[in-house]
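Going down the list, the protein sequences come from chains S and Y.
For the first sequence, position 11 (counting from the first letter as 1) is numbered 45 according to this note's numbering, and the numbering increases by one without interruption.
For the second sequence, position 114 (counting from the first letter as 1) is numbered 118 according to this note's numbering, and the numbering increases by one without interruption.
All C-beta atoms, glycine included, are put in the ideal place defined by N, C-alpha and C.
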Amino acid sequence: MSRSTDLVSRILDIVGTKADAGVYVRTGTSALTRFANSFIHQNVSDDVVHVHLTVALDGRVASGSTTSTTDDALNSLVDRLVTVAAMQPVDSEFPGFGGSVEAQEIDHFDEETSRADPNARAEIVKTFVGAGDGLLAAGMCGVDSYTDAYGNTAERFIDGRMTRVVLDGIHQTETSAGSGHSAGQSLGSIDATGAGRLASHRAILGINAFDTKPGEYEVVLAPEAMATIAQFLTGYGFSGKSYNEGMSFVTLNEQRFDPTVHLKDDVSDPRGLGIPFDAEGTPRKTIAVIDGGATPSLLHDRRTATKAGNVSTGHASVTGEAWDNRPSGRNLFFGEGTWSEEDLIAHVERGIYVSTFNYCRVLDPKTVVVTGLTRNGTFMIENGAITGAVTNLRFTQSFIDALGPGRVKGIGANGRFAAGEDESGTVHTPTFHLASWNFTGGAAG
Amino acid sequence: MFDRAEMGVLAAIDAGATYADARAVVAKEESIEVQNQHLETLDVSERIGVGVRALIGSSWGFASTGDLSNVGLRSCGELAAAIAKASAAVAGPLLEFADVPVVEAFWETPHIENPFDVPTTEKVDMLVDLTATMQRVEGINLAYGMVAGWDTRKWFVSSIGHRIEQHIVEAGGFYTATAIGEHETQIRSYPQSFGQYETGGYETIRKWNYSDHAERIAEEAVALLTAPEMEERQTNLILESSQVALQIHESVGHAIELDRILGWEAAFAGTSHLELDKLGTHRYGSELMNITADATIPGALGTFGYDDEGSPASCVDIVKNGIWVGVLSGRDSAAVAGLRPGGMVRGDGYNRIPMVRMTNVGLLPGDGTLDDIISDTDDGVYMGTNRSWSIDDRRLNFQFGCEIGYEIKNGKLGRMLKNPTYTGITPQFWGSLDRLAGESEWTHWGVPNCGKGQPVQVAHTGHSASPARFAGVRVGVKG
Numbered sequence: 035m036s037r038s039t040d041l042v043s044r045i046l047d048i049v050g051t052k053a054d055a056g057v058y059v060r061t062g063t064s065a066l067t068r069f070a071n072s073f074i075h076q077n078v079s080d081d082v083v084h085v086h087l088t089v090a091l092d093g094r095v096a097s098g099s100t101t102s103t104t105d106d107a108l109n110s111l112v113d114r115l116v117t118v119a120a121m122q123p124v125d126s127e128f129p130g131f132g133g134s135v136e137a138q139e140i141d142h143f144d145e146e147t148s149r150a151d152p153n154a155r156a157e158i159v160k161t162f163v164g165a166g167d168g169l170l171a172a173g174m175c176g177v178d179s180y181t182d183a184y185g186n187t188a189e190r191f192i193d194g195r196m197t198r199v200v201l202d203g204i205h206q207t208e209t210s211a212g213s214g215h216s217a218g219q220s221l222g223s224i225d226a227t228g229a230g231r232l233a234s235h236r237a238i239l240g241i242n243a244f245d246t247k248p249g250e251y252e253v254v255l256a257p258e259a260m261a262t263i264a265q266f267l268t269g270y271g272f273s274g275k276s277y278n279e280g281m282s283f284v285t286l287n288e289q290r291f292d293p294t295v296h297l298k299d300d301v302s303d304p305r306g307l308g309i310p311f312d313a314e315g316t317p318r319k320t321i322a323v324i325d326g327g328a329t330p331s332l333l334h335d336r337r338t339a340t341k342a343g344n345v346s347t348g349h350a351s352v353t354g355e356a357w358d359n360r361p362s363g364r365n366l367f368f369g370e371g372t373w374s375e376e377d378l379i380a381h382v383e384r385g386i387y388v389s390t391f392n393y394c395r396v397l398d399p400k401t402v403v404v405t406g407l408t409r410n411g412t413f414m415i416e417n418g419a420i421t422g423a424v425t426n427l428r429f430t431q432s433f434i435d436a437l438g439p440g441r442v443k444g445i446g447a448n449g450r451f452a453a454g455e456d457e458s459g460t461v462h463t464p465t466f467h468l469a470s471w472n473f474t475g476g477a478a479g
Numbered sequence: 005m006f007d008r009a010e011m012g013v014l015a016a017i018d019a020g021a022t023y024a025d026a027r028a029v030v031a032k033e034e035s036i037e038v039q040n041q042h043l044e045t046l047d048v049s050e051r052i053g054v055g056v057r058a059l060i061g062s063s064w065g066f067a068s069t070g071d072l073s074n075v076g077l078r079s080c081g082e083l084a085a086a087i088a089k090a091s092a093a094v095a096g097p098l099l100e101f102a103d104v105p106v107v108e109a110f111w112e113t114p115h116i117e118n119p120f121d122v123p124t125t126e127k128v129d130m131l132v133d134l135t136a137t138m139q140r141v142e143g144i145n146l147a148y149g150m151v152a153g154w155d156t157r158k159w160f161v162s163s164i165g166h167r168i169e170q171h172i173v174e175a176g177g178f179y180t181a182t183a184i185g186e187h188e189t190q191i192r193s194y195p196q197s198f199g200q201y202e203t204g205g206y207e208t209i210r211k212w213n214y215s216d217h218a219e220r221i222a223e224e225a226v227a228l229l230t231a232p233e234m235e236e237r238q239t240n241l242i243l244e245s246s247q248v249a250l251q252i253h254e255s256v257g258h259a260i261e262l263d264r265i266l267g268w269e270a271a272f273a274g275t276s277h278l279e280l281d282k283l284g285t286h287r288y289g290s291e292l293m294n295i296t297a298d299a300t301i302p303g304a305l306g307t308f309g310y311d312d313e314g315s316p317a318s319c320v321d322i323v324k325n326g327i328w329v330g331v332l333s334g335r336d337s338a339a340v341a342g343l344r345p346g347g348m349v350r351g352d353g354y355n356r357i358p359m360v361r362m363t364n365v366g367l368l369p370g371d372g373t374l375d376d377i378i379s380d381t382d383d384g385v386y387m388g389t390n391r392s393w394s395i396d397d398r399r400l401n402f403q404f405g406c407e408i409g410y411e412i413k414n415g416k417l418g419r420m421l422k423n424p425t426y427t428g429i430t431p432q433f434w435g436s437l438d439r440l441a442g443e444s445e446w447t448h449w450g451v452p453n454c455g456k457g458q459p460v461q462v463a464h465t466g467h468s469a470s471p472a473r474f475a476g477v478r479v480g481v482k483g
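What follows is the structure, encoded as structure tokens:
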């Protein structure tokens with residue numbers, strides 16, 4: 035029995051017959067090494083214990099969490115929630131707790147990585163820094179190892195585990211910066227040399243950047259930029275909560291995107307980085323949120339599914355994660371094409387290559403019109419080749435329209451986990467060539 | 005809990021640390037959300053643990069645990085030291101640590117009603133009533149309200165003798181009315197978008213008289229659906245004070261963080277357009293621009309007694325008559341820059357390493373009122389309540405959107421305008437500040453969701469502001 039499953043059992047024992055209840059427990063280690071100016075300046079490790087309990091008394095619901103596992107703390111949590119729930123109005127939309135389920139045989143876990151010490155992270159950092167050949171490096175290497183368990187008074191009990199390693203970094207010259215990234219289930223899957231070389235290549239290419247006129251440009255969007263698009267479309271559009279509230283752009287099965295676009299949430303993919311069930315203990319189903327340009331299905335938790343006359347797809351969010359107030363995708367995979375990134379660039383007459391977006395914010399959630407900037411490598415493409423660097427640009431662009439019918443000119447075969455705006459390691463995507471992107475100005479004015 | 009923190013510090017020192025400190029934290033949070041008269045969330049959370057920071061040579065290590073047993077805390081302190089040793093594999097220059105007074109102290113947020121002592125039923129009933137009021141306005145699809153309270157107790161111990169206990173109490177909330185059109189949504193919020201939060205008890209919520217504004221904001225949200233778009237042009241821009249507060253947060257507060265200036269946040273949060281050798285000479289804005297970082301303002305969200313390095317709360321000049329004169333700093337960053345530490349280092353809960361964070365970074369008031377400013381404006385636009393915010397990694401190029409706008413003609417508010425936006429470059433924008441309302445409209449706005457660091461930390465920051473006018477700003481940016 036793992037520490038998490040033991041805690042679930044202890045808490046359900048404490049609840050006893052006082053209420054119906056469901057409890058989600060995460061235990062493990064979250065460690066992260068940050069570096070800047072080419073040295074490690076912050077280096078942390080958290081012994082993670084997170085207990086999240088929901089109780090229901092005849093439809094009166096309250097939830098709460100604690101990081102303490104003493105008998106006093108757990109008894110206090112249960113008593114407090116039962117007392118508070120009893121005083122609340124009946125939650126007419128509470129779907130109840132789900133019954134027993136069969137666990138999927140998915141185990142995105144690497145034993146060696148789960149035992150990694152700070153020296154292993156330091157080695158990865160050292161390799162990334164060294165790949166820059168003297169450029170100034172900054173970034174982070176994070177290693178997470180979790181065992182999660184869920185149990186409830188309706189006989190549902192499920193557990194699983196995951197390891198995840200993420201390396202995000204930049205190399206800098208006096209006037210430019212370039213980024214490189216790598217993520218996977220294990221320490222061995224991290225290509226620190228490749229990420230470091232890509233970052234330094236982009237940084238050197240970025241020297242002597244010039245201002246370019248704002249306007250509509252063809253773009254080649256690297257995986258980091260595409261990851262942000264996936265996260266925004268999913269959060270604002272493909273979440274059952276947004277859809278139920280009328281805030282989503284989605285009309286089911288309507289062709290809103292180019293037929294070449296496919297996006298699914300798929301924890302069963304062997305490359306996946308997540309726990310195979312959600313915060314309600316529901317096994318995560320593979321859901322295509324874009325299939326040939328249309329949206330056949332949405333991401334639901336038990337509450338949004340009930341309201342929509344559907345069943346949960348296993349996408350209830352764990353408290354504290356990005357988009358934790360709604361069902362969200364945490365194992366997103368864009369369908370890959372057949373082109374190399376060089377091929378995609380070769381088909382651009384005049385356009386912009388974007389390594390990363392920065393500080394994206396939605397102006398209108400229903401149209402997913404977003405403003406943001408480019409960062410860490412923005413380059414001019416002319417006659418099929420990168421001809422120089424341009425200074426960072428601001429854009430205002432509907433992410434839906436950008437991938438609209440006829441606007442996807444090519445999709446790369448270079449899929450990998452990428453660091454989007456919200457979180458690293460939740461989106462696997464290749465580079466895309468898009469027909470148009472609306473740049474509104476240069477970052478320097 | 006002092007003994008728990010001491011256990012972690014001693015273990016780190018025994019394992020070779022030359023300096024160590026630790027915070028034992030018991031943090032309670034209550035969050036209640038109601039949508040369309042329906043209770044969506046009632047969440048009561050508690051985070052209890054100890055975080056230990058250890059310094060060896062020039063390298064830091066930090067470890068945290070919720071296991072408060074002797075074994076757990078010794079292990080945590082030893083891990084912090086081991087991490088510091090591992091950091092030496094990619095070591096930086098010798099780290100100095102600016103001196104601060106060693107104190108034993110207790111500090112508590114002045115408050116009347118601890119938010120946890122107010123019955124949850126009272127809070128739920130208030131939010132249900134508010135959403136009912138908003139839903140009675142035809143055209144409102146989503147009526148939402150939330151209140152939150154925090155009660156945080158911290159015990160800080162350092163290997164040089166600090167013993168500081170603090171009890172910080174915070175509360176706040178907000179509500180919104182959303183009208184959904186065929187191809188757009190319009191939203192209005194009160195007191196401000198994402199909420200108004202302050203240090204203090206539940207009285208900080210009561211004083212905003214929530215029920216007086218629900219019908220008005222609902223009507224405004226519906227009216228916005230049919231209001232004309234703001235025209236793209238350069239004109240006088242008058243900002244309501246909560247938007248001035250966010251402007252300060254994004255284009256001043258983050259830019260003056262010394263860790264950003266030193267490049268320590270380069271890969272994630274970003275750097276700063278400010279260069280240390282121009283401290284004292286760089287013109288940040290017009291003569292009207294006077295900014296302080298003041299962690300001592302009663303009731304403001306960024307107020308405390310001591311920071312998480314044991315430095316006392318301070319009030320520091322940041323911009324004086326438009327000239328940049330100060331930074332936000334901690335003991336290590338200040339030493340590197342050759343400055344005095346400002347006492348502005350805080351960690352999010354027990355399990356995050358303390359880092360440079362804003363306290364209350366505010367714009368000192370001018371004189372007159374918003375009405376005076378509007379009366380003195382022949383042509384311009386007024387914008388209120390933030391809806392979107394985006395700024396580049398050097399805190400230079402920004403674009404903000406607000407919930408509501410009005411045209412101003414011949415000293416009077418005219419038509420309501422939807423989707424108001426403006427864009428600018430930080431020093432030029434602040435250089436165009438030409439009117440600033442006075443103390444009667446000076447508000448201590450609170451931002452409860454300032455993200456920074458990896459793993460991401462959320463800080464509570466304060467920003468005092470009054471309505472202000474900026475000349476020649478590009479507004480109505482559509483793209």
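- Going along chain C in order, which residues have a C-beta closer than 7 Å to the C-beta of Y/Pro459? No chain C is present in this structure, whose protein chains are S and Y.
- Query: Is the CB-CB distance between Y/Gln190 and Y/Asn390 below 8 Å?
  - Reply: Contact check for Y/Gln190 against Y/Asn390 fails: the beta carbons are separated by 8 Å or more.
- Item | Alpha carbon of S/Asp106 to alpha carbon of Y/His115, nearest angstrom | C-alpha separation (whole angstroms): 28 Å.
- Using the beta-carbon of each residue, which ones in chain Y are nearer than 7 Å to S/Arg395? Ser392, Trp393, Ser394, listed in chain order.
- Query: Would Y/Val340 pass as a contact of Y/Gly330 if the rule is Cβ separation under 8 Å?
  - Reply: Contact: no.
- Message: Would Y/Asn401 pass as an interface residue toward chain S - the criterion being a Cβ-Cβ separation below 8 Å?
- Response: Yes - at least one Cβ of chain S is within 8 Å of the one on Y/Asn401.
- Message: Considering only the alpha carbon of each residue, which of S/Arg409, S/Thr207, S/Gly133 lies closest to Y/Gly274?
- Response: Closest option to Y/Gly274, Cα to Cα, is S/Arg409.
- Query: Going straight from the alpha carbon of Y/Thr307 to that of S/Gly343, what length do you get?
  - Reply: The straight-line gap from Cα to Cα measures roughly 48 Å.
- Environment of Y/Gln403 [buried if 16+ CB atoms lie within 10 Å]: Per the 10 Å Cβ criterion, buried.
- For S/Val402, which of S/Ala150, S/Ile241, S/Ala436 has the nearest alpha-carbon? Checking every option, the nearest Cα to that of S/Val402 belongs to S/Ala436.
- Query: Hey, how far is the Cα of Y/Leu59 from the Cα of Y/Arg237?
  - Reply: Taking the straight line joining both Cα atoms gives about 54 Å.
- Query: How do the segment 456 to 474 of chain S and the segment 29 to 49 of chain Y stand: do at least 3 beta-carbon pairs fall below 8 Å, yes or no?
  - Reply: No, because fewer than three Cβ pairs between the segment 456 to 474 of chain S and the segment 29 to 49 of chain Y fall closer than 8 Å, the two stretches do not touch.
- Under a three-way DSSP split, which group does Y/Gln190 fall into? In the three-state scheme derived from DSSP, where H, G and I count as helix and E and B as strand, Y/Gln190 is classed as strand.
- Item | Environment of S/Pro310 [buried if 16+ CB atoms lie within 10 Å] | With a 10 Å radius around the Cβ and a threshold of 16 neighbouring Cβ atoms, S/Pro310 comes out buried.
- Message: Taking 6 Å as the limit between beta carbons, can you name the residues of its chain near Y/Pro369, skipping five residues before and five after?
- Response: Non-local beta-carbon contacts of Y/Pro369 in its own chain, meaning distances under 6 Å to residues more than five positions away in sequence, involve Gly442, Glu443, Trp446, Ser470 in chain order.
- Task: Compare the C-beta of S/Arg409 with all C-beta atoms of chain Y and state if any pair is closer than 8 Å.
- Result: Chain Y, which has a Cβ nearer than 8 Å to the Cβ of S/Arg409, makes this yes.
- Task: Answer with yes or no whether the minimum CB distance from Y/Asp397 to chain S is below 8 Å.
- Result: Judged by the 8 Å Cβ criterion, Y/Asp397 is in contact with chain S.
- Task: Note down, in chain order, all residues in the segment 226 to 252 of chain Y with a beta-carbon under 7 Å from any beta-carbon belonging to chain S.
- Result: Listed in sequence order: no entries.
- Query: Whose Cβ in chain S lies nearer than 9 Å to the Cβ of Y/Ala268?
  - Reply: The sequence given here has Trp at residue 268 of chain Y, not Ala. Arg68, Ala70, Asn71, His75, Gln76, Ala172, listed in chain order.
- Ordered list of alpha helix (DSSP H) runs contained in the segment 350 to 399 of chain S, each at least 4 residues: Correct list: 375 to 380.
- Item | Minimum C-alpha distance to Y/Val451 - residue among Y/Gln39, Y/Phe178, Y/Arg157 | Just measuring C-alpha positions, the residue of Y/Gln39, Y/Phe178, Y/Arg157 sitting nearest Y/Val451 is Y/Phe178.
- Leaving out five residues on either side along the sequence, give the residues of the same chain with a beta carbon under 8 Å from the beta carbon of Y/Pro97. Excluding residues within five positions, the ones whose Cβ falls inside 8 Å are Ser62.
- Would you list, in sequence order, the uninterrupted alpha helix (DSSP H) runs of no fewer than 4 residues that lie entirely inside the segment 87 to 168 of chain Y? Fully enclosed alpha helix (DSSP H) runs of no fewer than 4 residues occupy 124 to 139 of the segment 87 to 168 of chain Y, in order along the chain.
- Buried or exposed by the 16-neighbour rule on C-beta atoms within 10 Å, applied to S/Thr405: Of the residues assessed, S/Thr405 falls on the buried side of the cut-off, its CB having 16 or more other CB atoms within 10 angstroms.
- What number of angstroms, rounded off, separates the C-alpha of Y/Leu437 from the C-alpha of Y/Asp376? Cα to Cα, the separation comes out at about 15 Å.
- Task: Going by DSSP, name the residue or residues bridged to Y/Pro316.
- Result: Paired residues: Y/Tyr310.
- Along the chain, which unbroken stretches of the beta strand (DSSP E) at least 3 residues long are found entirely within the segment 70 to 108 of chain S? Within the segment 70 to 108 of chain S, the complete beta strand (DSSP E) runs of at least 3 residues fall at 73 to 91, 94 to 100.
- Message: Residues of chain S with CB closer than 7 Å to the CB of Y/Thr125, please, in chain order.
- Response: What Y/Thr125 touches in chain S: Met121.
- Item | Beta-ladder partner(s) of Y/Val48, from DSSP | Answer is S/Gly98, Y/Glu34.
- Item | Cβ neighbour criterion (16 or more within 10 Å) applied to Y/Glu108 | Per the 10 Å Cβ criterion, exposed.
- Item | For Y/Ile221 and Y/Ile213, the rounded distance between their alpha carbons | The sequence shown places Asn at residue 213 of chain Y, not Ile. The straight-line gap separating the alpha-carbon atoms of Y/Asn213 and Y/Ile221 is approximately 14 Å.
- Validate contact between the segment 177 to 191 of chain S and the segment 105 to 122 of chain S using beta carbons, cut 8 Å, 3 pairs: Cβ pair count under 8 Å is below three, so no.
- Straight-line CA distance for Y/Lys416 to S/Val396? About 31 Å.
- Item | Residues in the segment 76 to 91 of chain Y having any Cβ partner in chain S nearer than 9 Å | The residues in question are Gly76, Ser79, Cys80, Leu83, Ala84, Ala86, Ile87, Ala88, Lys89, Ala90, Ser91.
- Message: What I want to know is whether the C-beta of Y/His286 ends up closer than 7 Å to one or more non-hydrogen atoms of the ligand MG.
- Response: Among the components modelled here there is no ligand, and therefore nothing to report on the ligand MG.
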